[in-house]
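At position 2 of the first sequence the residue is numbered 53 (our numbering), and the sequence of numbers has no breaks. Glycine included, every Cβ here is placed at the ideal spot set by N, Cα and C. In what follows, a structure is listed as structure tokens, so that the remarks can point back to it.
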Amino acid sequence: MEIATELEFPLIPVLARMELQGIKIDMDRLQAFAGELRKDLIALQETIFQKTGTDFNLNSPQQLGDVLFNKMGLPSGKKTKTGQYSTSEAVLQELANEYEVPSLILDYRSLAKLLSTYVEALPKLADPETHRIHTSFNQTIAATGRLSSSNPNLQNIPIRTERGREIRKAFIPEEGFMLVSADYSQVELRVIASIANATQMIQAFEDGEDIHARTAMEIFGLDSLEDVTPDQRRKAKEVNFGIPYGVSAYGLASRLGIPNKEGKQMIDRYFERFPGVQTYMTSTIEEARDKQYVTTLMGRRRYIPDIQSGNWNARGFAERTAINMPIQGTAADIIKKAMIEIDELLQREGCRSRMLLQVHDELVFEVAHDEVEELVPKIRGLMEQAFELSVPLEVEVGVADNWLDAH
DNA sequence: TCTCTGCTCAC
DNA sequence: CAAGTGAGCAGAGAC
């Protein structure tokens with residue numbers, strides 16, 4: 052009830068304003084990019100048809116599986132649950148070193164995804180007068196307390212690949228405004244450190260250390276942060292991301308491409324160095340078994356009846372859900388509280404600037420030129436002070452004339 | 001037209 | 001067995 056009256060209900064008008072405001076896209080830029088992508092896709096398709104010696108629908112996993120594994124006789128791996136050959140990214144990646152076609156398919160897929168899901172779809176949804184796109188922020192979908200976004204989903208705009216970033220560049224401010232992006236740095240890890248009372252991790256955050264390097268130092272038994280190699284840091288980062296999801300030795304090893312034994316060693320060492328995290332995991336599962344629900348630090352509740360299931364698989368899934376929800380959900384509670392307070396500031400001060408998007412740990416604003424200087428520190432302050440953990444919350448802010456460069 | 005499946009984008 | 005939360009696309013098949 053407190054989450055409802057103090058957080059969710061006050062958030063409703065905030066989300067309504069964000070949806071009504073919308074965000075402007077550069078339609079010309081997207082149209083030009085669409086032309087490039089179409090040209091490259093046709094060329095890739097031609098090459099693939101030539102190398103496979105057959106024309107087929109490249110977008111059909113079924114037809115693709117037939118061509119790769121029956122006609123060409125490539126070594127097949129996983130099957131899907133309907134008994135077809137899997138052509139998933141993982142499967143194709145496995146073949147990509149030895150064979151040319153799977154690698155070309157991967158290139159084709161990534162471009163086709165960008166074109167169909169974003170470059171062609173977004174302009175269709177823009178207001179023809181204002182060129183602004185209006186998403187729906189769904190408040191009652193995600194079981195952890197996160198928002199979701201639909202029609203279009205503006206929470207999954209590409210950023211990881213070079214050409215994906217082209218799409219972010221097409222999100223722009225209105226004349227006279229800048230886009231401001233403010234994102235919480237490592238918020239979920241800070242929540243874990245705080246909930247689990249992980250002393251070394253708390254110290255690292257207080258000292259402003261590189262948290263993945265610190266984790267590497269701990270799990271690989273090094274004496275100093277300077278001794279951490281890039282490869283050790285990469286592995287430690289994967290552990291830090293996997294822990295809040297209840298990753299197994301097998302899961303970690305397969306993601307890192309290392310032996311299971313090595314994955315197990317890393318996880319064992321992690322729990323040795325951060326015993327609070329292990330205690331958190333076991334006590335959270337125990338509590339969930341007892342009450343059939345788990346909670347965030349602000350009291351949001353998620354019921355997990357499967358935690359008592361006799362089915363090994365269902366119970367395991369429920370346990371990982373139980374571990375994850377308080378972490379993901381506390382982060383969601385924190386940003387929601389910040390949104391309410393920032394909206395209140397913008398309304399109270401009669402600002403022309405406005406909040407446009409929320410992407411789980413990030414808020415995007417359209418800020419009038421003459422309000423940037425005053426608002427940026429206030430936004431940062433409200434986000435960092437939204438909730439007190441036993442570690443500081445840190446927010447990174449960027450200002451630019453498109454979303455990519457603001458990030 | 002509707003639903004399911006496989007795949008891939010984000011945090 | 002095996003990493004949590006979502007959304008949308010194209011293909012495929014039922015109706």
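Residue i versus the options, residue with shortest Cα-Cα distance
i, options, result
"K288", "L444, A300, A264", "A264"
"R285", "A267, E151, T335", "A267"
"V65", "I430, L433, E447, M406", "M406"
"K122", "K129, G128, Q114", "Q114"
"I358", "G350, E338, M349", "E338"
"Q379", "R68, V142, G293", "G293"
"V231", "E439, A437, K429, N204", "K429"
"L71", "L146, D77, A177", "A177"
"E323", "S167, T250, S275, D341", "T250"
"I74", "S245, P203, L165, L162", "P203"
"Q329", "T195, N248, Q101, L109", "N248"
"Y235", "A383, A67, P112, E213", "A383"
"E417", "S199, Q206, R320, F228", "F228"
"F60", "G124, E145, T191, E149", "T191"
"F84", "L433, V170, S154, I270", "V170"
"S111", "A244, Y354, Y136", "Y136"
Per-residue burial, residue i [other beta carbons within 10 Å of its own, 16 or more giving buried]
i, result
"T181", "exposed"
"E413", "buried"
"E239", "buried"
"T186", "buried"
"Q436", "exposed"
"R241", "buried"
"A67", "exposed"
"N291", "buried"
For residue i: DSSP bridge partner residues
i, result
"L230", "E417, A451"
"T346", "R352"
"F84", "F84 pairs with nothing; no bridge assigned."
"Y235", "V446"
"Y136", "K130"
"F222", "I76"
Self-check item: beta strand (DSSP E) runs wholly inside the segment 148-215, at least 3 long, in chain order
Solution: Whole beta strand (DSSP E) segments, 3+ residues: 187-189, 199-201.
Quiz item: Does the pairing of the segment 393-402 with the segment 414-432 give three or more beta-carbon distances under 8 Å?
Solution: Yes, the segment 393-402 touches the segment 414-432.
Quiz prompt | the segment 80-100 in contact with the segment 155-166 per 3-pair CB rule at 8 Å | solution = Yes, the segment 80-100 is in contact with the segment 155-166.
Practice problem: Count the C-beta pairs between the segment 307-318 and the segment 327-345 that are closer than 8 Å, then say yes if the count reaches three, no if not. | Solution: Contact between the segment 307-318 and the segment 327-345 is absent, because fewer than three Cβ pairs lie under 8 Å.
Practice problem: Examine the Cβ distances between the segment 297-305 and the segment 219-237 and report whether three or more of them are shorter than 8 Å. | Solution: No, the segment 297-305 is not in contact with the segment 219-237.
Practice problem: Report yes or no: do the segment 241-256 and the segment 356-372 share at least 3 C-beta pairs separated by less than 8 Å? | Solution: By the Cβ test, the segment 241-256 is not in contact with the segment 356-372, since fewer than three Cβ pairs between them sit closer than 8 Å.
Practice problem: Tell me the start and end of each unbroken alpha helix (DSSP H) in the segment 272-319 that is at least 4 residues and wholly inside, in chain order. | Solution: Taking only runs of at least 4 residues, the alpha helix (DSSP H) segments lying wholly in the segment 272-319 are 281-293, 300-307.
Quiz item: In chain order, which continuous runs of the alpha helix (DSSP H) of length 4 or greater are located wholly inside the segment 355-413?
Solution: Runs of the alpha helix (DSSP H) inside the segment 355-413: 363-399.
Quiz item: Quick check: the segment 380-389 against the segment 436-446, are there 3 or more CB pairs under 8 Å?
Solution: Touching, yes.
Quiz item: Which ranges would you report for the alpha helix (DSSP H) in the segment 67-126 if only whole runs of at least 4 residues count?
Solution: You should have 78-103, 112-116.
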